[in-house]
Every structure is written in structure tokens, then in C-alpha cells.
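Residue numbers (the numbering used here), protein chains in the order written: chain A, 110 to 346; chain B, 110 to 346.
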């Protein structure tokens, strides 16, 4: 029965991440996407995520930096950080409990102004990752992850900085969340006004939202002989 | 003992929102602020928040629009939306259970490039609100809240659009979260490198992050006689 199959699989192509009850939205299902290339592209275009976890039964959402290596995301923080401590460390031969998290990345692309207040919206790209975060204990993976976080902010920067020494590494928690239960959500295009509203005398359309960088400001004590590195040159004027 | 008092109350002024265990960070305590004016300013400078809640014991974080009226934040969505449904409706004489949420707003102001990877950071303003969200059932409050959400995106727009009709209003859930357990967090300034790193040959400083709007794009079917409204004029070129 092809029809039944079609209903059961509304996304016949580009399903790299298997949709689950948590990643299929209750509404605007047509905006949800599960293809790996798109998910990676949205993740790589930002560097700030909002990380949610549960503490004492209540939700907590904190902004934090992240990096990506293949199918893993990494966040870091102080070893004193409550959520990262809660992610637990894997003891020898011991299963790590881990910390259930939801990591969300959102990029706003435009304000959608419809004639009706009801159809006002936002054009955006977002990715929501559900899963269990685990502390990374392997030193090589910890170092690679920290590089990935710096490179995620600014490609080229990790090699052009002093990497963490042993003391700094010991003070840093690194947590990994694998990309498994993942969805992207996208809204593009103009307003979807009701046909009967098309004659109303209100401006309608999209106001693009732009993001960029200003001229880099050197630290007060920077040696003037140190010029802007190549990876910052494009923002120098 | 003034010294002990000073330790017990590290924020002697501008404490409008009483710090709680949830709003005092475990680290970088000096970045946390509890004054109303600052909290309102950060909330009013953005229009997208990340709303966290707990579903089946696991955290969920979704981006959504919000508005503010005084000491209340409002978010809206379809009546079919799972979290908004979970926020519950108040029956006659019945206490509403509400939905424990964490609503976080983050604005990134700059990339902080230290000589050491360890001291790389982000300049930002953020506000985290903990509380219990309740569905709004009063029709006047619902209408005022929807106006506030539109005005929050673009001041002047609510009066220049067709407001929700009864059918649209019935299809919309409005949820209120009062500002009570709230903190702002701010990082400003340059990198905090270790003194022994000051001679390292790496550029250090801040790359400002800018946000703005592009030229408004009219809807395909917009009557060309309808010019840009005044509240969009500054972005017209």
C-alpha cells in the first residue's frame, strides 16, 4: 500500500536523522528537515547555542559556545559549572549517567510583516538536538574539542593562540552531545496573508535581518607591531 | 560587622529581583545583575527568546517570539502547541498548574580573542527568567499581549496591521511568565589574558558583533501605492 507508506514517511528524501516523536513538530511540519548537510550548515553558521537541561525538576536554559566535529557537538565550561558536573564523568568500566539536554541553535533571517497581526512571523533557520551529554575524559579528544570550539568562533584562530596548558585543561569540563535525534526547522519567503486580506492598506513584506562584524579593536596592551591576522582582515575597515 | 554584611550582600545596590539559588551563578558571579532597568533593557533589545520546559522528564528548548508588558512576558503559539497546552488553562475557581519554564534572551556583542585559547570569550548581554508560565484566558489581556508581541518586533506595527479576529484569537494560545526570579548577565571589555602571556605574538582584542536590518522587501502582491511606513523608513536604503 504505497499510500500508507507515503503517510508514514512524509519526508521521502534526505532523511539522515530519523524523525522521532520529539523531533516531529505538532504544527508547521513542512518546515522540519532531517538532512545532515542542512543540519551541519545551520550548526556551522552560528557559534552560540542555548543549552537546556533539568535541575531539581525545573528547566534551565543557558547560552554557551559550541563546536562541531563530524557528528558530535562539544560545549565546555568550568569544572565547577553545575550542568557540566551533572553530565558526570565516566569511571573505569563504569557507565556514565550523562545529562539529558536539548541544544538549540537559531539564526534569524528576517521579520515577516503580514497584513494581519496573526500571520506575522520570522524567517529563520534553527536546529534542535535532543540527547544525553557526556563528559569527555580522553585528553586527546578534550584538546581536539577545545580547538573545535575556538575554530567554530573564528576559523584559523586555534593555531594562532596559546593552547590550553595542563592546569587550564584540568580546570575545563568538555561535554559531548552526539547528533542523532536532530531536526532543522526553516521558514523562508514572504508573508502568508489570507486572500481576503490582500486589499488591506498595510505594507507587507520582509525586513531582512543582517549580522556582521565591526572593525576589530586591539587589546590595550597589544604590541603595535602585531598586525591583524589574515582571518580578521576582511573586517578591518 | 559591615565586612560580613558586604560578603553576604555582594550586590548592595540595584537589587530589584531577589537573587535565588537558581539565579546566582556558580562562577563569574560578578557578571550577574538583578536590577530591573537593566533586565528590561536587555529584554526589550531582542524579540527572540529560547524557551525551555520539561517534557517526559527531558528538556526541550525552542526559539519563540515574546513581548513584555511591565513585569510580565508573553509568548504565543497555536492552541495545538504542546508546551502551550501544557501550560494549562485556569478553570472557573480552579488553580492552574502552569508550566515550569526557563526563558532566556541573549544578545552577543563581540568576540573576545585572548592570546590564550583558555581566555577566549564572548561579550554579551543575557537575561534568564525562571518561573511558571500560565495560559492567559482573559480576552482583553490576550489581545493586549498579542499587540505587545507585534510591537516588540517592530514598534508602531500593531496599529498598522489587521488585529486578530475572533477565529484567530481562538486558535492562539497566549502564555504569561511574570518577572520575579530573574537575572541578567553581562560581559564587556577586552580579553583577560594571564600577565605571563602578554608578550605572546598573537593578536588580541575584541571583534564587535553587529546586527541590523536590510532594505525591506515588499510582498509580491503589495499594492505599489502603499509606501514604506514610517517605522520602516530608516531601513529603506
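For every residue, glycine included, the Cβ atom is placed at its ideal position computed from N, Cα and C.
CA-CA distance, residue 134 (chain B) to residue 318 (chain B), rounds to 25 Å. In this structure, residue 221 (chain A) and residue 151 (chain A) do not form a Cβ contact; the two beta carbons are roughly 19 Å apart against a cut-off of 8 Å. Annotation: residue 323 (chain A) to residue 322 (chain B) spans about 15 Å, alpha carbon to alpha carbon. By the 16-neighbour rule on beta-carbons within 10 angstroms, residue 326 (chain B) is exposed. Short of 8 Å from the beta carbon of residue 194 (chain A), and not among the five residues preceding or following it, lie these beta carbons of its own chain, in chain order: 188 and 282. Around the C-beta of residue 129 (chain A), fewer than 16 other C-beta atoms lie within 10 Å, and the residue is accordingly described as exposed. Within the segment 258-284 of chain B, the alpha helix (DSSP H) runs of at least 4 residues that lie entirely inside it are, in chain order, 275-279.
For residue 298 (chain A), no alpha helix (DSSP H) segment is defined, and its DSSP state is neither H nor E. Under the 8 Å criterion on CB atoms, residue 226 (chain A) is classed as interfacial with respect to chain B. Going by DSSP, residue 160 (chain A) is part of the beta strand (DSSP E) stretching over 157-164. With a threshold of 8 Å between beta carbons, residue 253 (chain B) makes no contact with chain A.
In this chain, residue 125 (chain A) is not harboured by any beta strand (DSSP E), its DSSP state being neither H nor E. DSSP places residue 173 (chain A) within a strand segment (E or B) once states are collapsed to three. Of the candidates B:138, B:230 and B:239, the residue whose Cα lies closest to the Cα of residue 182 (chain B) is B:239. Between residue 140 (chain B) and the set B:332, B:294 and B:167, the nearest pair of CA atoms involves B:294.
At a cut-off of 8 Å between beta carbons, residue 143 (chain A) makes no contact with chain B. Excluding sequence positions up to five before and after residue 170 (chain B), its CB lies within less than 6 Å of the CB of 159 and 161, all in the same chain and listed in chain order. If the five residues before and after residue 237 (chain A) are omitted, its C-beta is found closer than 6 Å to the C-beta atoms of 213 and 292, all from its own chain and listed in chain order. Fewer than three pairs of CB atoms, one per stretch, sit closer than 8 Å, so the segment 262-278 of chain B makes no contact with the segment 329-346 of chain A. Contact check for residue 167 (chain B) against residue 206 (chain A) fails: the beta carbons are separated by 8 Å or more. DSSP links residue 234 (chain A) through a beta bridge to A:216 and A:295. Note that the segment 240-253 of chain A does not touch the segment 225-232 of chain A; fewer than 3 beta-carbon pairs, one per stretch, sit closer than 8 Å. Per DSSP, residue 314 (chain A) is one residue of the beta strand (DSSP E) stretching across 314-322. Of all residues in the segment 264-279 of chain A, only 266, 267, 269, 270, 271, 272, 273 and 277 place a beta-carbon less than 7 Å from a beta-carbon of chain B. In the structure shown, the three-state DSSP call for residue 152 (chain A) is helix.
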